[in-house]
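First residue of the sequence shown: 235, per our numbering; consecutive thereafter.
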Amino acid sequence: MSTLRKLFRWERGRQKSGYDKMLICGAYWPIKFDTYLLRFPKGSEIKPHTDTVKSGKHYRLNIVLKSARVGGEFICSNPIFETKRIKFFRPDISEHQVTKVQEGNRYLLSIGWVTN
Numbered sequence: 235m236s237t238l239r240k241l242f243r244w245e246r247g248r249q250k251s252g253y254d255k256m257l258i259c260g261a262y263w264p265i266k267f268d269t270y271l272l273r274f275p276k277g278s279e280i281k282p283h284t285d286t287v288k289s290g291k292h293y294r295l296n297i298v299l300k301s302a303r304v305g306g307e308f309i310c311s312n313p314i315f316e317t318k319r320i321k322f323f324r325p326d327i328s329e330h331q332v333t334k335v336q337e338g339n340r341y342l343l344s345i346g347w348v349t350n
């Protein structure tokens, strides 16, 4: 699917684990980046993993807009910066996951970029 056709449409997340993503914006130049709204309904989770990139360093800033009532906790092996609502990390080198949402929904704004 072309990038323009993905804008503002919900689609299944890459990890095939029950979460949905909506592309808000992105670019390839002058720096490759993307911005997504992520939705984690009850029962969704993301197993521990890293996100490989072909070259460069991958950074991601996740801002929790709404926490799940139970579950849906972000766990990262080596975050750069982390508070209850802000998660800044290197997904290419830090294993990360989201625990199963047991009650409620979780929403976050996710901004990622790759530098050389």
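By construction, the Cβ of each residue, glycine as well, lies at the ideal position given by its N, Cα and C atoms.
**OP:** Determine, using beta-carbon pairs with one atom in the region 237-253 and one in the region 320-330, whether at least three such pairs fall under 8 Å.
**Re:** no
Original post:
Under a three-way DSSP split, which group does K334 fall into?
Top reply: coil
Original post:
Just to confirm, are R319 and I297 a CB contact at a threshold of 8 Å?
Top reply: yes
Original post:
For K291, which three-state DSSP category applies?
Top reply: strand
Original post:
For F267, which residues from the same chain have a beta carbon less than 8 Å from its beta carbon, with the 5 sequence-adjacent residues on both sides left out?
Top reply: G260, A261, I345, G346, W347, V348
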